[in-house]
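Working notes, structure below.
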């Protein structure tokens, strides 16, 4: 559907399957699509998976799966794209989709938090190293967004109450996409190494949540 929408605007679009549990070969897709489309100017790393298990119950197999999809896979894809951007000599944009859990922990999400935190810091290192080539690297850190991953699909976010979020509701995927589009555009040419929280103010609620929680439910995944 996304490819069809792009074509409707007179743009070329190509689609390829990518499974980041199949490393390092999965990153070949970046090179294949770059060849097909004539290069790469923007890469958005948007893969993600997670857990809902306590630290004591985690298996090494599950930890490796989450780290591959959320950290190692994005590293390899970004490396392939950056090399092509450098060879082309026109700069570029790399945007990593992390999470508010790049910055704050969540019970039951140990591997996810480790991977997203790692990707956030990798983003900063990349910004330092790739800046001389005119490549900007930023992360976008969504909070609760109404998607199938959060059990919310085709919902009007304005009708869903979230008292613990300053804006009082979940986010819409289009609100995340708008920030990604900005970071991929010429308007963001002097922005690099930053993490952009799209969370309705959730990250600012640490002390407030700590003083206003009324049950121990948060301790369970």
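Numbering (this note's numbering), first residue to last: 38 to 258.
Ideal Cβ positions, reconstructed from N, Cα and C, are used throughout, including at glycine.
Please read all numbers here as calculations on a predicted model, not as lab measurements.
_Residues near residue 163 in its chain [Cβ-Cβ closer than 6 angstroms; skip 5 each side]_ = As a first step, residue 163 must be located in the chain shown, where it is residue number 126. Only 174 meet the Cβ criterion.
Taking residue 160 as the reference, which of 176, 170, 147, 121 has the closest Cα? Walking along the chain shown from the start, residue 160 turns up at place 123. If we check each option's Cα against that of residue 160, 176 comes out closest.
Subject >> residue 67 to residue 244 span [Cα, whole Å] >> reply: Reading the chain shown from its first residue, position 30 is the one you call residue 67. Reading the chain shown from its first residue, position 207 is the one you call residue 244. When only Cα atoms are considered, residue 67 and residue 244 end up about 42 angstroms apart.
request  = Would you list the residues sitting across from residue 231 in a DSSP beta bridge?
outcome  = Position 194 of the chain shown, counted from the first residue, corresponds to residue 231. Beta-bridge pairing links residue 231 to no other residue.
- Task: State the Cα-Cα distance for the pair residue 202 and residue 249, rounded to the nearest angstrom.
- Result: Residue 202 sits at position 165 when you count from the first residue of the chain shown. Residue 249 sits at position 212 when you count from the first residue of the chain shown. Using only the alpha carbons, I get a separation of about 13 angstroms.
* Can you list the alpha helix (DSSP H) stretches of 4 or more residues lying completely in the region 198–226, in chain order? -> Runs found: 210–220.
Query raised in the report: Going by DSSP, what residues sit across from residue 175 in a beta bridge?
Result: Walking along the chain shown from the start, residue 175 turns up at place 138. 132.
| query | Are the beta-carbon atoms belonging to residue 146 and residue 184 less than 8 angstroms from one another? | reply | Residue 146 sits at position 109 when you count from the first residue of the chain shown. Residue 184 sits at position 147 when you count from the first residue of the chain shown. No, the pair does not count as a contact, with Cβ atoms beyond the cut-off.
- Message: Comparing C-alpha positions only, which one of 172, 142, 62, 205 sits nearest to residue 120?
- Response: By 1-based counting over the chain shown, the position of residue 120 is 83. The residue with the shortest Cα to Cα distance from residue 120 is 172.
Quick check: the region 74–81 against the region 119–139, are there 3 or more CB pairs under 8 angstroms? Yes, the region 74–81 is in contact with the region 119–139.
task = Examine the ligand GDP and report whether any of its heavy atoms sits within less than 7 angstroms of the Cβ of residue 136.
result = This structure lacks the ligand GDP; in fact it carries no ligand of any kind.
Are there 16 or more other CB atoms within 10 angstroms of the CB of residue 117, so buried, or fewer, so exposed?
Position 80 of the chain shown, counting from 1, holds the residue named residue 117. Answer is buried; the Cβ neighbour count reaches 16.
ask   = Should residue 112 go down as buried or exposed, given a rule of 16 or more other Cβ atoms within 10 Å for buried?
value = Position 75 of the chain shown, counted from the start, is the residue given in the question as residue 112. Residue burial is scored here from C-beta neighbours: residue 112 has at least 16 other C-beta atoms within 10 angstroms and is therefore classed as buried.
Fill in: Neighbourhood of residue 230 by C-beta, 6 angstroms cutoff - its chain only, sequence neighbours within 5 removed
Taking the chain shown and counting its residues from 1, the one referred to as residue 230 is at position 193. Only 161, 164 meet the Cβ criterion.
Measuring only the C-alpha atoms, how far is residue 38 from residue 212? Here the question's residue 38 lines up with position 1 in the chain shown. Here the question's residue 212 lines up with position 175 in the chain shown. Each residue's alpha carbon lies about 19 angstroms from the other.
TODO: Would you decide whether residue 255 is buried or exposed? Buried here means 16 or more other CB atoms lie within 10 Å of its CB.
DONE: For the purposes of this step, residue 255 is taken as residue 218 along the chain shown, with counting starting at 1. Per the 10 Å Cβ criterion, exposed.
Quick check on this structure: which residue in 98, 55, 65 has the alpha carbon closest to the alpha carbon of residue 85?
Start at 1 with the first residue of the chain shown, and residue 85 comes out as number 48. It is 55.
field: Beta bridge counterpart(s) of residue 71 as assigned by DSSP
entry: Translated into the one-based positions of the chain shown, residue 71 becomes position 34. Note: residue 71 sits in no beta bridge, so no partner.
Relative to the C-alpha of residue 110, which residue among 128, 126, 134, 44 is closest? Against the chain shown, residue 110 aligns to sequence position 73. When the alpha-carbon of residue 110 is set against those of 128, 126, 134, 44, the nearest one is in 134.
- Cα-Cα separation, residue 157 to residue 72: Position 120 of the chain shown, counted from the start, is the residue given in the question as residue 157. Position 35 of the chain shown, counted from the start, is the residue given in the question as residue 72. In a straight line, the C-alpha of residue 157 is about 28 angstroms away from that of residue 72.
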